[in-house]
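2 protein chains.
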Amino acid sequence: MSTAEETAGGETSAWGEVTPDAARRLLVAAVEAFAERGYHATTTRDIAGRAGMSPAALYIHYKTKEELLHRISRIGHEKALEILQTAARREGTATERLADAVSSFVRWHAGGRTTARVVQYELDSLGPDARAEILALRRQCDAEVRGIIEDGVASGEFDVLHVKGTTLAVLSLCIDVARWFTVDGPMTPDEVGALYADLVLRMVGIK
Amino acid sequence: MSTAEETAGGETSAWGEVTPDAARRLLVAAVEAFAERGYHATTTRDIAGRAGMSPAALYIHYKTKEELLHRISRIGHEKALEILQTAARREGTATERLADAVSSFVRWHAGGRTTARVVQYELDSLGPDARAEILALRRQCDAEVRGIIEDGVASGEFDVLHVKGTTLAVLSLCIDVARWFTVDGPMTPDEVGALYADLVLRMVGIK
DNA sequence: GCCGAAGGTGAGCGAGCGCTTAGAGTGCCC
DNA sequence: GGGCACTCTAAGCGCTCGCTCACCTTCGGC
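Residue numbers (this note's numbering), protein chains in the order written: chain A, 1 to 207; chain B, 208 to 414.
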């Protein structure tokens, strides 16, 4: 696995599956623009310009501007879910699996924060149908983390008063990394991942 | 002090200082609209309509749409800072002060989530000058929390590996409440406040 | 009872928006 | 080498945006 996704300009690693080439360039351009200015403040002319194309070219590959956001959201959420599932289903104690889940989930939000920002904060700009589809993926993410915590409680590794609320807090802590993290800051994605794994293990009252 | 700010429709408690009456109505209308749809997706016609006025009336009291966001942001951040300062400067151990700070800060983000959403998530829509002013207030919030944590470490109450990173995580956890909290959810603002105070005390390794 | 200031309206301007259309360039199959 | 599918562009349509302007109403002071 590649060790890091890059910040704006790179960060293309996750979009390899998108074809043809022009459609992928438009998608990457849209991710950068949405992350910088937000969905509603981004114009289709801006997206096309970043991809080196005329405004009309966008509509050959995507029906609407919203379809771009929808595609980005779905691919991003699928990636996030995959990260959590990989950690949740590996061998090991609940403690090890929770630490793994948090550190890799945080690394993704910090290293790929351009993508993560769009995925996590532009959800409300989707129409009802697309929004519902993405929310279903989000509930699956929630279930993966809750599962690990429940395992830890059952095995006696964790001491948690309120499983649902704690699950929410853990996910919330990880997701908010996309809001504040910057490459100019004092910490690397790996360092934030390690710190947060420690903090979360404390939150679940590991012995 | 009043126990709670209400959700959309109410939540006017904090805006008492804004005069004249029409200017306050416009400001409250703008908070609701920005929280629901975001700054860029909100039109001046929508704001004026919610306040029961014609679109032109907005420009008697505010120079631009951005000035509305600026005013809302400043008042909101001042309120947030005041909450943290009150908790940080009261009598008591670092443990008591941190628990107080977190629970009241979280209650504000949950109970007044309409306001808090705008304050915390629409910052990027401000111009450079206004943005810099708000960021200064934000750094003061950070300093208040870091101060309490440093006190706890000095007194031996807390066991923290990384003070700056932990401060960031604590604030991040509280702020993100504004993103996910809803009145239809299973928890009240008071319950979230109490749960989060407990989680944060665990994060700082209270003995 | 007249006046000026303050607060409000209806109509509408220029600009930029998302998106469409007519047609041009390019490569591939037969 | 002619036809066709695919990709892209220049031009621009219809609309809504933030904001302005000419004018109207209300009301306290004298």
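From the three backbone atoms N, C-alpha and C, an ideal C-beta is built for every residue, glycine too.
Give me the Cα-Cα distance between F416 (chain B) and R320 (chain B), rounded to the nearest whole angstrom.
-> Outside the displayed span of chain B (208 to 414) sits residue 416 (chain B), for which this structure offers no information.
Shortest alpha-carbon distance to E303 (chain B) belongs to which of B:A240, B:F365, B:V390, B:Y246?
-> That would be B:F365, whose Cα lies nearest to the Cα of E303 (chain B).
Give the secondary structure of A101 (chain A) by DSSP, where H, G and I count as helix, E and B as strand, and everything else as coil.
-> Here A101 (chain A) sits in helix by DSSP.
Quick one: grab the DSSP three-state call for M203 (chain A).
-> M203 (chain A): helix per DSSP, three-state reduction.
From the beta carbon of G372 (chain B), is the nearest beta carbon of chain A less than 7 Å away?
-> Yes, G372 (chain B) lies at the interface with chain A (some Cβ there is under 7 Å from its Cβ).
Identify the continuous alpha helix (DSSP H) that holds P335 (chain B) and give its terminal residues.
-> For P335 (chain B), the uninterrupted alpha helix (DSSP H) run begins and ends at 335-362, by DSSP.
In chain order, what residues of the region 368-395 of chain B put their CB closer than 8 Å to some CB of chain A?
-> Residues L368, H369, K371, G372, T373, L375, A376, S379, L380, I382, D383, V384, R386, W387, P393, M394.
Out of curiosity, what's the CA-to-CA distance linking F34 (chain A) and T42 (chain A)?
-> Looking at the two C-alpha atoms, the distance is approximately 6 Å.
Below-7 Å beta-carbon distance, R202 (chain A) vs any chain B residue | Yes, its Cβ sits closer than 7 Å to a Cβ of chain B.
Identify, in the order they occur along the chain, each residue of the same chain with its Cβ nearer than 8 Å to the Cβ of A419 (chain B), setting aside the five sequence neighbours on each side.
-> Past the edges of chain B, shown from 208 to 414, lies residue 419 (chain B), and the structure says nothing about it.
Go ahead and pull the three-state DSSP assignment for F241 (chain B).
-> In the structure shown, the three-state DSSP call for F241 (chain B) is helix.
CA-to-CA distance, D228 (chain B) to L27 (chain A), given in whole angstroms | Whole-angstrom Cα-Cα distance: 46 Å.
Chain-ordered residues of the region 328-354 of chain B with a beta carbon less than 8 Å from chain A | Taking 8 Å as the cut-off between beta carbons, the residues of the region 328-354 of chain B near chain A are Y328, D331, S332, in sequence order.
Measuring CB to CB, does V225 (chain A) end up less than 7 Å from V118 (chain A)?
-> The shown model of chain A, from 1 to 207, leaves out residue 225 (chain A), and the question about it has no answer.
Which class does E91 (chain A) belong to by DSSP, given the choice of helix, strand or coil?
-> Under the three-state reduction of DSSP output, E91 (chain A) falls in the coil class, being neither helix nor strand.
Find the nearest neighbour of M410 (chain B) within the set B:L342, B:I267, B:T374, judged by alpha-carbon distance.
-> A check of alpha carbon separations from M410 (chain B) across B:L342, B:I267, B:T374 identifies B:T374 as the nearest.
What residue does the alpha helix (DSSP H) around T271 (chain B) start on, and which one ends it?
-> Neither: T271 (chain B) is in no alpha helix (DSSP H) and is coded neither H nor E.
Roughly how many angstroms lie between the CA atoms of A287 (chain B) and W315 (chain B), to the nearest whole one?
-> Take the alpha-carbon of A287 (chain B) and the one of W315 (chain B): they are about 8 Å apart.
Could you name the residues of the same chain whose beta carbon sits closer than 7 Å to that of H268 (chain B), not counting the 5 residues immediately before and after it, in chain order?
-> For H268 (chain B), the CB contacts under 7 Å within the same chain, skipping 5 residues up- and downstream, are A229, A230, L233 in chain order.
For W15 (chain A) and M1 (chain A), the rounded distance between their alpha carbons = Annotation note: pLDDT 42 at M1 (chain A) (below 50); position unreliable, coordinate value reported separately. Cα to Cα, the separation comes out at about 15 Å.
Cβ neighbours of A116 (chain A) in the same chain (closer than 6 Å, five flanking residues each side left out) = Cβ contact annotation for A116 (chain A) (same chain, cutoff 6 Å, sequence separation greater than five): H109, A178, in chain order.
L98 (chain A) versus I356 (chain B) - alpha carbon distance | Taking the Cα positions, L98 (chain A) is about 25 Å away from I356 (chain B).
Among residues of its own chain, excluding the 5 on either side of L291 (chain B), which ones have a beta-carbon nearer than 7 Å to its beta-carbon?
-> A308, F312, C348, E351, V352.
Residue from A:V160, A:P128, A:E66 with nearest C-alpha to K207 (chain A) = Closest in alpha carbon position to K207 (chain A), among A:V160, A:P128, A:E66, is A:V160.
Could you check which residue in B:R345, B:R257, B:D405, B:S332 has the C-alpha nearest to that of T271 (chain B)?
-> Considering only alpha carbons, the answer is B:S332.
Using alpha carbons as the reference points, say which of A:A56, A:R89, A:M187, A:D129 lies closest to R71 (chain A).
-> When each option's Cα is compared against that of R71 (chain A), the closest is A:D129.
Check whether the Cβ atoms of S172 (chain A) and A94 (chain A) lie closer than 7 Å to each other.
-> No, the pair does not count as a contact, with Cβ atoms beyond the cut-off.
Could you pull out every residue in the same chain whose Cβ sits closer than 7 Å to the Cβ of S54 (chain A), ignoring the five residues on either side in sequence?
-> Around S54 (chain A): A48.
Within chain A, the residues that G412 (chain B) reaches when beta carbons sit closer than 9 Å | Ordered by position in chain A, the residues that pass the 9 Å Cβ test against G412 (chain B) are R202.
Within the same chain, show all residues whose beta-carbon is closer than 7 Å to that of A197 (chain A), passing over the 5 residues directly before and after it, in chain order.
-> Exclusion of the five residues before and after A197 (chain A) leaves A99, V102, S103 as the residues of its chain whose Cβ lies within less than 7 Å of its Cβ.
Out of B:D397, B:A376, B:C381, B:V399, point me to the one whose CA is closest to L199 (chain A)'s CA.
-> A check of alpha carbon separations from L199 (chain A) across B:D397, B:A376, B:C381, B:V399 identifies B:A376 as the nearest.
How would you write the range of the alpha helix (DSSP H) that V384 (chain B) sits in, first residue to last?
-> It spans 384-387 - the alpha helix (DSSP H) in which V384 (chain B) sits, taken as one unbroken run.
Listed from N- to C-terminal order along the chain, which residues in the region 242-265 of chain B have their beta-carbon within a distance smaller than 7 Å of any beta-carbon of chain A?
-> So the list reads G245, H247, A248, given in the order they occur along the chain.
Quick one, are the C-beta atoms of Y39 (chain A) and L69 (chain A) less than 7 Å apart?
-> Their beta carbons are under 7 Å apart, which means Y39 (chain A) touches L69 (chain A) by this criterion.
Whose C-beta lies closer than 7 Å to the C-beta of D358 (chain B) among residues of the same chain, with five residues either side of it excluded?
-> Around D358 (chain B), the same chain offers A301 as residues with beta carbons nearer than 7 Å, after the five sequence neighbours per side are excluded.
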